[in-house]
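According to numbering that gives the first Met the number 0, the sequence shown is numbered sequentially starting from 0. For glycine and all other residues, C-beta sits at the position ideal for the given N, C-alpha and C.
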Amino acid sequence: MIDKVYRREGIFKIILQTENTWNLMTFIKQRTQAWRWLATDQQFNQLYPSSIERLAKRHWTPLSIAQKAADFLAAEKEARVLDIGSGAGKFCLAAAYHKTDAFFYGVEQRKSLVDHAETARAMLGLENVSFIHGNFTQLDFRDYDHFYFYNSFYENLAGTDKIDDSIDYSGELYNYYNRYLYKQLDQKPAGTRLVTYHSLEDEVPANYHVVQAEMDNLLKFWIKI
Ligand SMILES: C[S@@+](CC[C@H](N)C(=O)[O-])C[C@H]1O[C@@H](n2cnc3c(N)ncnc32)[C@H](O)[C@@H]1O
0 MIDKVYRREG IFKIILQTEN TWNLMTFIKQ RTQAWRWLAT DQQFNQLYPS SIERLAKRHW
60 TPLSIAQKAA DFLAAEKEAR VLDIGSGAGK FCLAAAYHKT DAFFYGVEQR KSLVDHAETA
120 RAMLGLENVS FIHGNFTQLD FRDYDHFYFY NSFYENLAGT DKIDDSIDYS GELYNYYNRY
180 LYKQLDQKPA GTRLVTYHSL EDEVPANYHV VQAEMDNLLK FWIKI
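As structure tokens, then:
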């Protein structure tokens, strides 16, 4: 009888160990694959079809910037970081790979870009990132701790490069979005972190202070006091 119990426990242990080893091997395999995609911007951009890859230089965050921003924004464990206007997901994906104990959310108004972001997420095997299709004005900002903003509303300004012609642009929308974001950021508690890239800073309330600036002030790190 005791012999039987020992034998059964032994089998359970082997099954458990095999499962753990299998999970570990899958994890290592996924990380290695993701690491290859994330080796250079050129490599990463090839996760997408050429129509999206072509937009990278003008519209998607470079990997080195994403890594710096992620380090700053995911300062505490389990931080929830929102990319306001996440495009094809480049910032969120690079950040999620780099900071595994934080969670990154991207909200994007163009459904096609959300689909590309989701496909890339699956290819990279990342679990700590998700993409929301919609306008950022539909979100409850209380669900997020810190924010990334790559001048997402600039397409509304005349004479700027557009991603495509699938949406309407206007100066009124530019002002409305900036005012809306300003209000949301203003309501966040002290300690809230924000990274802006190429921003005109119309959306940043006065109680956010720059704690670091790089690239001739194109990249700024802010904390609300
Ligand atoms: C400069 S791209 C940045 C993409 C991404 N954050 C990155 O760094 O790789 C800005 C994105 O914001 C999106 N966007 C602009 N206004 C938005 C809004 N009101 N709600 C949701 N997304 C918006 C645009 O469609 C565009 O894909």
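Buried or exposed (CB count within 10 angstroms, at least 16 for buried), residue i
i           : result
residue 284 : Given that the chain is displayed from residue 0 to residue 224, the structure contains no residue 284 and the question cannot be resolved.
residue 60  : buried
residue 202 : buried
residue 21  : exposed
residue 28  : exposed
residue 144 : buried
residue 166 : exposed
residue 106 : buried
Nearest-angstrom Cα separation, counted from residue j out to residue i
i           : j           : result
residue 142 : residue 82  : 13 Å
residue 182 : residue 176 : 10 Å
residue 75  : residue 98  : 10 Å
residue 70  : residue 17  : 35 Å
residue 164 : residue 155 : 11 Å
residue 168 : residue 47  : 25 Å
residue 9   : residue 124 : 33 Å
residue 222 : residue 72  : 10 Å
residue 170 : residue 25  : 49 Å
residue 187 : residue 178 : 15 Å
residue 62  : residue 217 : 15 Å
residue 113 : residue 128 : 12 Å
residue 210 : residue 65  : 17 Å
residue 157 : residue 79  : 34 Å
residue 31  : residue 96  : 11 Å
residue 185 : residue 208 : 12 Å
residue 23  : residue 13  : 15 Å
residue 40  : residue 104 : 21 Å
residue 161 : residue 67  : 26 Å
residue 206 : residue 146 : 15 Å
residue 220 : residue 212 : 6 Å
Distance cut-off 7 Å: residue i Cβ against heavy atoms of ligand 2
i           : result
residue 222 : This structure lacks ligand 2; the ligands present are ligand 1.
Review point. Is there contact between the stretch 88 to 106 and the stretch 36 to 48, where contact requires at least three CB pairs shorter than 8 Å?
Key: yes
Point to revise | Inside the stretch 103 to 175 only - alpha helix (DSSP H) runs reaching at least 4 residues | key: Here the runs fully enclosed are 110 to 123.
Review point. Three or more C-beta pairs closer than 8 Å, one from the stretch 49 to 56 and one from the stretch 131 to 144: is that the case here?
Key: no
Check your understanding: How do the stretch 145 to 152 and the stretch 184 to 199 stand: do at least 3 beta-carbon pairs fall below 8 Å, yes or no?
Key -> Below 8 Å, enough C-beta pairs join the stretch 145 to 152 and the stretch 184 to 199 to call them touching: three or more.
Check your understanding: Hey, which unbroken runs of the beta strand (DSSP E) at 3 residues or more fall wholly within the stretch 3 to 70?
Key -> For the stretch 3 to 70, not a single whole beta strand (DSSP E) run of length 3 or above is found.
**Study point:** Runs of beta strand (DSSP E) wholly within the stretch 194 to 218 (minimum 3 residues, chain order)
**Key:** 207 to 213
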